[in-house]
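K.L.:
Protein chains in written order, with numbering that gives the first Met the number 0: chain A, 0 to 346; chain B, 0 to 346. Glycine is no exception: its CB is placed at the ideal position from the N, C-alpha and C atoms. Since we're looking at a predicted model, the values are computed, not measured. So that we are looking at the same thing, I have put the structure below in structure tokens.
Number of protein chains: 2
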Amino acid sequence: MATIKEISECTGVSIATVSKVLNDQPGVSSETQKSVLAAAKKLNYRPNLNARHLKTGMSRTLGIIAEDLTVFNTPGIVDGIGVCCEQRNYHYILGNLRFNKLFGHDPNYGRRKSDMLTDMLDEMLSKQVDGIIYIGCHSHIVAPLQKQKETRFVCVYCYSEDPDIPDVIYDDREAARKVAELLISKGHREIGIIAGAKDSYHTNNRLLGFQEALFDHNIPYNPRLTCYGAWERDQGYEYASDLIAAGVTAIFAHNDLMAIGVIDYCNQKGIEIGKDLALIGFDDREISSVCRPTLSTVALPLFDIGHTAATVMMDIIKDNQKPEKHEFLLGCSIVERESTAGGIEGK
Amino acid sequence: MATIKEISECTGVSIATVSKVLNDQPGVSSETQKSVLAAAKKLNYRPNLNARHLKTGMSRTLGIIAEDLTVFNTPGIVDGIGVCCEQRNYHYILGNLRFNKLFGHDPNYGRRKSDMLTDMLDEMLSKQVDGIIYIGCHSHIVAPLQKQKETRFVCVYCYSEDPDIPDVIYDDREAARKVAELLISKGHREIGIIAGAKDSYHTNNRLLGFQEALFDHNIPYNPRLTCYGAWERDQGYEYASDLIAAGVTAIFAHNDLMAIGVIDYCNQKGIEIGKDLALIGFDDREISSVCRPTLSTVALPLFDIGHTAATVMMDIIKDNQKPEKHEFLLGCSIVERESTAGGIEGK
DNA sequence: ATAGCCATGTTAAACGTTTTCCCAACAACT
DNA sequence: AGTTGTTGGGAAAACGTTTAACATGGCTAT
């Protein structure tokens with residue numbers, strides 16, 4: 000409510016001086032400084048950011064465009080962005096496209112995704128955001144907008160496919176390598192893989208990383224022990240049967256849901272996971288700590304992804320040029336639970 | 000980038016007229032209207048919302064303060080708010096306090112919650128939000144701020160405990176009544192309850208609703224069959240043993256996690272849920288559709304809560320006075336899954 | 001004494017809008 | 001012809017800031 004004008008009247012000093020005090024600028028005696036600050040507190044002063052941003056043309060605000068806020072990983076990423084903003088005195092505004100959740104009553108029902116994204120982008124640019132962090136998998140829609148709208152993007156969670164747009168993603172390959180190392184260290188040599196969809200880069204990179212680790216340990220890679228699923232529970236169940244029949248002692252499922260399918264199968268057949276069979280999933284969803292036995296899995300660096308994305312964006316804004324790297328790969332960590340408890344040394 | 004000034008130069012008409020066209024105000028010939036709109040499109044015009052908000056003193060923007068964005072229900076509520084905003088041409092900005100998640104590296108580590116909330120509120124008010132929707136359980140912190148900061152709150156997900164702050168919550172009592180009705184309709188008369196914490200209003204209201212339904216069906220309420228837990232899985236396991244020993248044919252757990260504990264116990268003891276015992280949880284977390292057997296549960300009207308809260312807030316803004324109601328109670332729905340599949344008519 | 005300098009303040013323009021008030025032109029009445 | 005009303009449009013102030021440019025009044029060094 001109170002403005003610098005009122006502070007100026009209250010203290011008998013000009014508004015320019017008040018502004019200087021409020022922005023920690025030099026050229027003000029400590030006396031006036033004190034009286035201005037006192038008046039500001041007394042009047043319950045709060046800067047009008049609209050005025051400030053209008054004048055400066057900068058908002059110190061990042062726009063976040065998320066495809067779906069209710070998808071499990073998005074809030075974790077937003078958390079990381081938020082902390083980075085706090086640390087560097089930035090703000091953010093969050094836009095939620097709600098892709099895949101648009102029902103009949105929704106104003107956006109039936110619209111094209113690219114139009115929705117463009118509208119949201121326009122709105123954010125209208126608020127003078129300094130850059131946009133995009134969380135989603137439609138980077139092909141995003142890419143052309145960077146030039147057209149003269150703004151800056153950072154893509155999170157997907158390859159940007161555009162050399163001018165940095166992306167921040169987790170390292171599938173290294174994660175799979177870690178998984179393999181863990182299983183190998185426990186004595187497993189016949190390891191089945193229930194992979195994700197065949198054309199996915201997640202799948203491919205995880206397979207590559209896994210093979211690298213096998214190679215390092217002189218264990219031959221047997222393609223017969225890799226099944227391609229579609230991220231669904233049923234496929235975990237189905238392929239568990241095949242792989243166990245083929246004699247594997249461990250299974251790496253490319254997500255937790257398929258791993259749960261494996262658990263279903265084993266529980267039904269009396270196979271004891273953690274003892275007869277080692278099992279490890281991917282994603283560290285809530286279910287992996289709730290299922291029985293609890294599931295070892297790969298935890299995604301959600302917070303770091305968000306934090307890094309924000310850092311990259313702010314550096315771009317500061318230096319006004321592309322960052323030195325185009326891709327920021329962040330490491331995952333393995334969460335060990337009951338499903339990888341035992342080794343096979345007893346055999 | 001382009002401003003109304005440039006449009007005015009481009010079309011040869013004054014900026015006042017341009018503004019009128021852009022805001023659909025009368026007093027402009029359709030000719031000039033067309034030429035202005037054409038120029039706007041050509042120049043890729045986008046209104047500067049900072050300027051607009053500065054001038055009008057209104058931002059058509061709601062502030063959302065969430066205690067923790069990564070808690071499962073918050074994004075669903077934000078979804079509802081977002082859709083309401085779209086429908087009524089509003090915007091929102093989201094603040095995430097991250098209570099309970101502040102580690103050493105966090106700028107807010109060690110600060111008092113009320114200070115953090117106050118700061119976030121100040122920031123939002125600095126952006127001239129028209130009102131604040133608070134999602135969390137610290138309404139006692141919120142209440143004094145409404146007067147002090149001269150703003151408007153709507154509380155979501157908690158009783159506001161202040162007659163001047165409307166709250167939007169789901170109806171625990173009715174939900175429990177529905178649960179009881181369902182179980183009774185399946186023939187159950189000896190129903191155990193694994194309740195939540197003893198002092199919680201959730202617990203109390205659910206017990207009241209449950210008792211009402213029992214009364215309606217002339218079934219006596221046996222307090223011995225109600226155990227008070229603390230929302231944790233272990234208590235589900237523990238009390239399942241007691242209740243089953245006491246001869247119940249159905250259990251109503253006050254959250255899904257405790258229900259999972261019941262499942263643990265039954266799986267271990269060979270009790271078949273859905274046949275030997277009916278089980279129903281509360282919250283409809285992801286786990287309830289993943290566990291085996293799948294769990295019937297009470298789904299919270301997250302979207303509606305958000306949508307209603309936003310509607311209430313906008314009406315307050317529009318009419319500039321308290322809404323007729325102080326409390327908005329929204330109904331839950333029951334999701335039936337395997338754990339309540341059978342009746343006990345066979346007995 | 002004069003020039004130069006520093007420390008402290010002030011004036012005023014500008015940011016991009018909205019909005020009130022006014023003006024001109026013209027038509028339609030007495 | 002004079003009054004009135006209507007319609008399309010413009011001038012200018014205002015919103016609350018920031019900031020460049022300028023003013024003042026010592027002080028120091030010549």
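1. Between T69 of chain A and chain B, is there a C-beta pair that is closer than 7 Å?
2. So, do the stretch 232–245 of chain A and the stretch 203–220 of chain A have three or more beta carbon pairs nearer to each other than 8 Å?
3. Can H52 of chain B and Q127 of chain B be called in contact, C-beta distance under 7 Å?
4. Listing by chain order, which chain A residues have their CB less than 8 Å from the CB of Q127 of chain B?
5. Residue range of the alpha helix (DSSP H) that E122 of chain B falls in?
6. Where do the ends of the alpha helix (DSSP H) carrying S288 of chain B lie?
7. Does the beta carbon of N319 of chain B come closer than 7 Å to any beta carbon on chain A?
8. Assign F102 of chain A to buried or exposed, taking buried as 16 or more other Cβ atoms, counted over all protein chains shown, within 10 Å of its Cβ.
9. Could you please give the first and the last residue of the uninterrupted alpha helix (DSSP H) stretch that includes E326 of chain B?
10. Going along the chain, which residues of its own chain have a beta-carbon closer than 7 Å to the beta-carbon of G330 of chain A, five neighbours each way excluded?
11. I'd like the ranges of any alpha helix (DSSP H) spanning at least 4 consecutive residues and lying wholly in the stretch 2–81 of chain B.
12. Report yes or no: do the stretch 68–78 of chain B and the stretch 301–312 of chain B share at least 3 C-beta pairs separated by less than 8 Å?
13. Taking contact to mean at least 3 C-beta pairs separated by less than 8 Å, is the stretch 270–288 of chain B in contact with the stretch 304–324 of chain B?
14. List the residues that DSSP assigns as beta-bridge partners of H139 of chain B.
15. How long is the line joining the alpha carbons of S347 of chain A and M123 of chain A, rounded to whole angstroms?
16. Closer than 8 Å by beta-carbon distance: list the chain A residues that pair up with I272 of chain B, in chain order.
17. List the residues that DSSP assigns as beta-bridge partners of V167 of chain B.
18. Just to confirm before moving on: does the CB-CB distance between A298 of chain B and S332 of chain B stay below 7 Å?
19. By alpha-carbon positions, which one of B:D318, B:V70, B:Y200 and B:T31 ends up nearest to G12 of chain B?
20. Between the stretch 312–324 of chain B and the stretch 250–270 of chain B, do at least 3 Cβ pairs fall closer than 8 Å?
21. Between E173 of chain B and the ligand FMN, is there a pair consisting of the residue's CB and a ligand heavy atom that are separated by less than 6 Å?
22. Buried or exposed for K346 of chain A, please, with buried defined as at least 16 other CB atoms from any protein chain shown within 10 angstroms of its CB.
23. Compare the C-beta of L53 of chain B against all C-beta atoms of chain A and say whether one is closer than 7 Å.
24. Between L42 of chain A and H90 of chain B, what straight-line distance do the alpha-carbon atoms span, to the nearest angstrom?
25. What does the alpha-carbon distance come out to for the pair R45 of chain A and G94 of chain B?
26. How would you call M0 of chain A, buried or exposed, if buried means at least 16 neighbouring beta carbons within 10 angstroms?
27. Is there a Cβ from chain A that is less than 7 Å from the Cβ of G81 of chain B?
28. Taking the continuous beta strand (DSSP E) assigned at V128 of chain A, which residues delimit it?
29. Around the C-beta of P106 of chain B, are 16 or more other C-beta atoms found within 10 angstroms, so that it is buried, or is it exposed?
30. Can you tell me whether DSSP reads G345 of chain B as helix, strand or coil?
31. At which residue ranges does the stretch 185–258 of chain A contain complete beta strand (DSSP E) runs of 3 or more residues, listed in the order of the chain?
32. Can you name the residues that DSSP bridges to Y133 of chain A?
33. Got a sec: which bits of the stretch 271–300 of chain B sit with their beta carbon under 9 Å from any beta carbon on chain A, in order along the chain?
34. Measure the alpha-carbon distance for D163 of chain A versus H325 of chain A and round it to whole angstroms.
35. For E5 of chain B, decide whether its Cβ has a neighbour in chain A, counting only Cβ atoms nearer than 7 Å.
36. Does the beta carbon of K346 of chain B sit closer than 7 Å to a beta carbon anywhere in chain A?
P.N.:
For this structure:
1. yes
2. no
3. yes
4. N47, L48 and N49
5. K112 to S125
6. I286 to V289
7. no
8. exposed
9. From DSSP, E326 of chain B is part of no alpha helix (DSSP H) but of the beta strand (DSSP E) over E326 to L329.
10. D170, E173 and P300
11. 3–10, 14–21, 29–41 and 48–55
12. yes
13. no
14. Answer is none; H139 of chain B lacks a bridge partner.
15. No answer is possible for residue 347 of chain A: it lies beyond the span of chain A, which begins at 0 and ends at 346.
16. In chain order: nothing, as chain A lies at least about 14 Å away.
17. B:V155 and B:F327
18. yes
19. Per the sequence presented here, residue 12 of chain B reads as Val, with Gly not at that position. Ranking B:D318, B:V70, B:Y200 and B:T31 by Cα distance to V12 of chain B puts B:T31 first.
20. no
21. As far as ligands go, the structure on display features none, and thus does not contain the ligand FMN.
22. Note on K346 of chain A: pLDDT 45, under 50, position unreliable in the model; the coordinate value appears next. Its Cβ having fewer than 16 others within 10 Å, K346 of chain A is exposed.
23. yes
24. 29 Å
25. 18 Å
26. exposed
27. yes
28. Counting along the chain, V128 of chain A falls outside any beta strand (DSSP E), and DSSP gives it neither H nor E.
29. exposed
30. Annotation note: pLDDT 44 at G345 of chain B (below 50); position unreliable, no value reported.
31. 190–194, 225–227 and 249–252
32. A:I64 and A:C154
33. R284, E285, I286, V289, C290 and R291
34. 8 Å
35. no
36. In this predicted model, K346 of chain B has a pLDDT of only 45, less than 50, meaning its place in the structure is not dependable enough to derive any value.
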